[in-house]
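For the first sequence, numbering that gives the first Met the number 0 assigns the number 0 to the initial residue and increments by one for each residue that follows.
We put the CB at the ideal spot given by N, CA and C, even for glycine.
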Amino acid sequence: MRAGLEHWVVGRRIAAVEVFGDRTLRRHAPGPADFIARLTGRTITAARRRGKFLWLPLDDGANLLAHLGMSGQFLAVPEGGKPSKHTKARWRFDDGGPELRFCDQRTFGGLALADDELSADGVPRALGHVAPDPLEPAFDPRRFAATLRRRRTGVKRALLDQTLVSGIGNIYADEALWHAKLHFARGTDGLRPGEIGRLLGAVDDVLRAAIAAGGTSFDALYVAVNGESGWFDRSLEVYGQAGEPCSRCGTSIIRMRFTNRSSYLCPKCQPRPRRGRW
DNA sequence: ACATCCACCTGCTCGC
DNA sequence: TGCGAGCAGGTGGATG
């Protein structure tokens, strides 16, 4: 999504902004009128992200922050069409080219405008609580390993905790744990250095492969800025694969309940710990 | 400070 | 066909 935004909107000057509904800007305290006024006339200078948060730096130093939540998407479409039911915001540009839309069915996504200075590692201060993701230079594997072993929780919870490491959600956590042959309930404090190394290697591989594939598109909600699907779903080893044979050992993949959601794993490759932490 | 739970939403699919 | 239950790729504020 970040790469798509870079391609479609960087370098363009915003001519008009519209906001639909009142949930999308719930994190923008000054409200929609302020949001619109401060974006109009600005040029987008870059497209950045940390984990699952995106931001578009503007030519006046402010940053348009975005999170897609569960069902948010940015789409570039020919200018002037009627916004669809779930369109929450739209930006038109003074070059008359494609407009940008933010669409969001479940409304867990959101937009905000931050005009304060970036923190030392180049991230808007509003995202200060979000840890570096494994693909950025600021990510420190040794520091992550040390923090992990100080925690008293299960390894999957830790992977999903964006204050520990960002960018990993339910799918990529399950995929990385399968690649590293770890059960999700393994306690973080009992992980051996080699296992943490394996896990980090797996996380890195999974994230890079998923990005290279354009993401994981189960349906039309999960598409790139140009509307195209990613194809990482064809590389999924466990997520959504209950009943399918494990590609390593042939054992049937199972689905388990895990904190009101699902975890998929191979019961043989990822043996349950004697004293697990969920 | 840390760990965990739950609310926040819409829409689709499934079983009865 | 209707209806309720369950489920969906996340986050952050409240509560232990």
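Between the segment 222–235 and the segment 245–262 there are fewer than three C-beta pairs closer than 8 angstroms, too few to call the two in contact. Non-local C-beta neighbours of R47 in its own chain, meaning closer than 6 angstroms and more than five positions away in sequence, comprise W54, ordered along the chain. When the Cα atoms are used, A2 and A172 turn out to be separated by approximately 22 angstroms. Non-local C-beta neighbours of G127 in its own chain, meaning closer than 8 angstroms and more than five positions away in sequence, comprise S118, ordered along the chain. A residue is called buried when at least 16 other Cβ atoms come within 10 angstroms of its Cβ; S262 meets this threshold and is buried. Here E174 is not near Y221, since their CB atoms are 8 angstroms or more apart. For S234, the secondary structure class from DSSP, reduced to helix, strand or coil, is helix.
Look at the beta carbons and you see the segment 18–37 touching the segment 103–110: at least three pairs across the two are nearer than 8 angstroms. Judged by beta-carbon spacing, A179 lies within the 8 angstroms limit of A201, meaning their Cβ atoms are closer than that value. Annotation: P140 is outside any beta strand (DSSP E); the continuous alpha helix (DSSP H) that includes it extends over 140–149. In this structure, the alpha-carbon of A15 lies about 36 angstroms from that of V164. For H27, the number of other beta carbons within 10 angstroms of its own is at least 16, and it is reported as buried. Less than 8 angstroms separates the beta-carbon of L181 from that of Q269.
For E135, the closest of F217, R207, R256, A144 by C-alpha to C-alpha distance is R207. For G168 and F19, the gap between their C-alpha atoms comes out near 28 angstroms.
Take G242, set aside five residues on each side of it, and the residues of its chain with a beta-carbon closer than 6 angstroms to its own are S251, in chain order.
Rounded to whole angstroms, the Cβ separation of V154 and L4 is 32 angstroms, and the two are not in contact under 8 angstroms. A65 has its alpha-carbon roughly 11 angstroms from the corresponding atom of P56. If you compare the alpha carbons of F34, P31, P29, I43 with that of I13, the shortest gap goes to I43.
Under the three-state reduction of DSSP, T258 is assigned to coil, being neither helix nor strand. By the Cβ rule, the segment 142–151 does not count as touching the segment 82–102, because fewer than three pairs are nearer than 8 angstroms. At least 8 angstroms separates the beta-carbon of P131 from that of N62. Between the alpha carbons of R37 and D58 lies a distance of about 11 angstroms. Here D103 is bridged, per DSSP, to G71. Shown here for R271: same chain residues with a beta carbon closer than 8 angstroms to its own, the five before and five after excluded, namely H182, A184 in chain order.
In the three-state scheme derived from DSSP, where H, G and I count as helix and E and B as strand, E98 is classed as strand. Per DSSP, the beta-bridge partners of Y263 are R254.
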